[in-house]
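One structure below.
Numbering (our numbering), first residue to last: 2 to 88.
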């Protein structure tokens, strides 16, 4: 039963984890002010780890504890536009 419960809980746990990841990204950008370097680093890490920049939405929702790289990059650019360039 434990495996079944874990399987059912995993997507919801991942949703919370992804929300925290967005918050951590925003904090990093706000603290360092170096969003271009952060974006380049995400690209390099994805390339080195053979990551999928845009996984199927269901796969991301169910299995990923972090947002896809493209979603993280879009969120960073939006954060910069709304909070740093035009506060």
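Glycine residues also receive a C-beta, built at the ideal position from the N, C-alpha and C atoms.
Start and end residues, alpha helix (DSSP H) containing residue i
i, result
"residue 6", "3-33"
"residue 54", "Careful: residue 54 lies outside any alpha helix (DSSP H) and carries neither H nor E."
"residue 72", "70-80"
"residue 37", "36-49"
Buried/exposed call for residue i, threshold 16 Cβ in 10 Å
i, result
"residue 41", "exposed"
"residue 58", "exposed"
"residue 77", "buried"
Of the residues the options, the one placed nearest residue i, counting alpha carbons only
i, options, result
"residue 64", "3, 12 and 87", "12"
"residue 22", "60, 70 and 82", "70"
"residue 80", "24, 10, 7 and 19", "24"
(request) Evaluate the contact criterion for the stretch 77-86 versus the stretch 45-62: three or more CB pairs, one atom per stretch, below 8 Å. (result) no
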